[in-house]
Each structure stands twice: as structure tokens, then as C-alpha cells.
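Trainee: Chains as they are written, first to last, in our numbering: chain A, 118 to 228; chain B, 42 to 155.
For each residue, glycine too, the CB sits at the ideal point set by N, CA and C.
Computed from a prediction, not measured in an experiment: that's the story for all the values here.
Starting off with a structure, shown below.
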Amino acid sequence: EPEVTQTPSHQVTQMGQEVILRCVPISNHLYFYWYRQILGQKVEFLVSFYNNEISEKSEIFDDQFSVERPDGSNFTLKIRSTKLEDSAMYFCASIRDTEAFFGQGTRLTVV
Amino acid sequence: RKEVEQDPGPFNVPEGATVAFNCTYSNSASQSFFWYRQDCRKEPKLLMSVYSSGNEDGRFTAQLNRASQYISLLIRDSKLSDSATYLCVVNVMNYGGSQGNLIFGKGTKLSVKP
Numbered sequence: 118e119p120e121v122t123q124t125p126s127h128q129v130t131q132m133g134q135e136v137i138l139r140c141v142p143i144s145n146h147l148y149f150y151w152y153r154q155i156l157g158q159k160v161e162f163l164v165s166f167y168n169n170e171i172s173e174k175s176e177i178f179d180d181q182f183s184v185e186r187p188d189g190s191n192f193t194l195k196i197r198s199t200k201l202e203d204s205a206m207y208f209c210a211s212i213r214d215t216e217a218f219f220g221q222g223t224r225l226t227v228v
Numbered sequence: 042r043k044e045v046e047q048d049p050g051p052f053n054v055p056e057g058a059t060v061a062f063n064c065t066y067s068n069s070a071s072q073s074f075f076w077y078r079q080d081c082r083k084e085p086k087l088l089m090s091v092y093s094s095g096n097e098d099g100r101f102t103a104q105l106n107r108a109s110q111y112i113s114l115l116i117r118d119s120k121l122s123d124s125a126t127y128l129c130v131v132n133v134m135n136y137g138g139s140q141g142n143l144i145f146g147k148g149t150k151l152s153v154k155p
């Protein structure tokens, strides 16, 4: 069964450093998303991506965040200068019809 | 007002019990509705979509009341393996009707005990 894959599974970074989280969505899906979940809190929408551009973003997705689909398969989320409060689980999802398939997530720890 | 609200629980029930979860949503433009299940430190996984006519999948029954903006999930004959957090999710379409984004409730934690 096709699945969304994310790498790395866990990343520890120092405050102020840049991180890139990677996702390989399901190949025939057209809509891609990034969500985050701070420990013990709800899953929060960050950004949606369609046709090689951002279609919607939340207020969380400020200038420190960016997304790319550099090679037609990978879908990346970059955080330019990480803050302690960026520590969370980051989930990539791709959507077919209205069903979202989530990757297993990247646990980002900013120290 | 929060967009999707759920009773956070936890619900602690014995095996075999019937348990019901409720959810309300604030955006009347919401188009699609779902229950997702999330195990501890894992990704959310679709449990079932929720249709206006109500739908059933084995021990699970979902109901939607658009007038009241209310969604429910009923689990019958609960199993130990049902222990998880149940997330109420709505899809709010973008202007123009293109694929919107999924808005999650905070989830209701269920613990099924032997």
C-alpha cells in the first residue's frame, strides 16, 4: 500500500539553526500539507501546497517557514532559524479526494 | 470560539462497553467530516468519514447533524485495542471550491481496561 514517508524520524537542533524536514508524498496525489503537533496539544495546520505553490497557510507559518517541491517527488519544510517553541512533531500529509494520508512524522527537538 | 471542539476525556471504560464521543464545529462552510484515530506518538489515521445519513463500519457508527453542527462517534463492544485518542476533523473548502485544509479537534482520549 502506498504511503507517505518522512525523514528524519527525529531531529535535534540548536536554537537558531536551520532545519529541513523531508517528505515523499504518495505519487499520484496532488495536494500536500504540513501539520505540527506540540506534545499534548492538537494537530495544527501549517501550510497546503498544490500545483507547485502554496495554496493556503496559517498564521503559524511565518517568514521563518518555507516549503518546496524541488524535484517533483520530495516535499520539504524548512525552518530558517529555529526557536525553542518550534519543538513539535511535524506531519506531512497528502490528500486524495478528501482522505488525508499522514507520514509517521518528524520529531523536532530544539535545544 | 474554537473551530472544532471535543470533550477531552479521558474516557476510561471496561472491555465490552459502549462509548460515545461528541464533537461540534463552528464553521458552517465545513464540507467533509471525519474521525481519525491517533495512537500515542504516532500519526493520525483515518478511522471513518462521516456522512449526513450516518454510517456504520463494524462496531463504529458515525453521525452528522449539519443543522446543529454536531458530529458523533459510537463504539460498541469496545476492545483493548480501541485505546487511543479519537480526533474529530472537518474539511473547510477553499473559496472557489478547491481542496481545503483539515481542521482538527484536540481529541478525546479513550482507555479500555480489561
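What residues from chain A crowd round residue 46 of chain B, counting only those whose CB sits closer than 8 Å?
Mentor: What residue 46 of chain B touches in chain A: nothing, since even the nearest Cβ is about 11 Å away.
Trainee: When the Cα of residue 130 of chain B is compared with those of B:51, B:66, B:102, B:57, which residue comes out closest?
Mentor: Per the Cα distances, B:66.
Trainee: Cβ of residue 128 of chain B within 8 Å of Cβ of residue 77 of chain B?
Mentor: Cβ atoms of residue 128 of chain B and residue 77 of chain B: closer than 8 Å.
Trainee: Using three-state DSSP, classify residue 73 of chain B as helix, strand or coil.
Mentor: If DSSP states are grouped into helix, strand and coil, residue 73 of chain B belongs with the strands.
Trainee: Flag this pair as touching only if the stretch 168 to 187 of chain A and the stretch 49 to 67 of chain B have three or more C-beta atom pairs under 8 Å; answer yes or no.
Mentor: No, the stretch 168 to 187 of chain A is not in contact with the stretch 49 to 67 of chain B.
Trainee: Just to confirm, is the Cβ distance from residue 137 of chain A to residue 195 of chain A under 8 Å?
Mentor: Yes, they are a contact pair.
Trainee: Are residue 30 of chain B and residue 208 of chain A close, meaning C-beta to C-beta below 8 Å?
Mentor: Residue coverage of chain B in this structure runs from 42 to 155, which leaves residue 30 of chain B outside it and unanswerable.
Trainee: Counting along the chain, where does the beta strand (DSSP E) carrying residue 192 of chain A start and finish?
Mentor: Element bounds for residue 192 of chain A: 192 to 196.
Trainee: Would you list, in sequence order, the uninterrupted beta strand (DSSP E) runs of no fewer than 3 residues that lie entirely inside the stretch 149 to 196 of chain A?
Mentor: DSSP runs (the beta strand (DSSP E)) wholly in the stretch 149 to 196 of chain A: 160 to 167, 170 to 174, 182 to 185, 192 to 196.
Trainee: I'd like to know whether the C-beta of residue 68 of chain B is nearer than 8 Å to at least one C-beta of chain A.
Mentor: Answer no: the Cβ-Cβ gap between residue 68 of chain B and chain A never drops below 8 Å.
Trainee: For residue 210 of chain A, count neighbouring C-beta atoms within 10 Å of its own C-beta (all shown protein chains included) and say buried if the count is 16 or more, exposed if not.
Mentor: Buried, since its Cβ has 16 or more Cβ neighbours within 10 Å.
Trainee: Using a beta-carbon distance below 8 Å, is residue 150 of chain A in contact with chain B?
Mentor: Yes, because at least one Cβ of chain B sits closer than 8 Å to the Cβ of residue 150 of chain A.
Trainee: Specify whether the stretch 146 to 160 of chain A and the stretch 56 to 76 of chain B touch according to this definition: at least 3 beta carbon pairs, one from each stretch, less than 8 Å apart.
Mentor: Touching, no, given that fewer than three Cβ pairs across the two stretches are closer than 8 Å.
Trainee: Could you give the DSSP three-state label for residue 147 of chain A: helix, strand or coil?
Mentor: Three-state result, residue 147 of chain A: coil.
Trainee: Counting only beta-carbon separations shorter than 8 Å, does residue 97 of chain B have a partner in chain A?
Mentor: Not one chain A Cβ lies under 8 Å of residue 97 of chain B.
Trainee: Jot down the residue ranges of each uninterrupted beta strand (DSSP E) in the stretch 46 to 117 of chain B, minimum 3 residues, whole runs only, in chain order.
Mentor: Correct list: 52 to 55, 60 to 66, 71 to 79, 86 to 91, 96 to 98, 101 to 106, 111 to 116.
Trainee: Among A:118, A:130, A:142, A:133, whose alpha-carbon lies nearest the alpha-carbon of residue 188 of chain A?
Mentor: Here the closest residue by C-alpha is A:142.
Trainee: Looking at chain B, which residues of the stretch 206 to 220 of chain A have a Cβ within less than 7 Å of any of its Cβ atoms?
Mentor: Taking 7 Å as the Cβ-Cβ cut-off against chain B, the residues of the stretch 206 to 220 of chain A that qualify are 208, 212, 215, 216, 217, 219, 220.
Trainee: Given that a residue counts as buried once 16 or more other Cβ atoms are within 10 Å of its Cβ, and exposed if not, what is residue 134 of chain A?
Mentor: With fewer than 16 Cβ atoms within 10 Å of its Cβ, residue 134 of chain A is classed as exposed.
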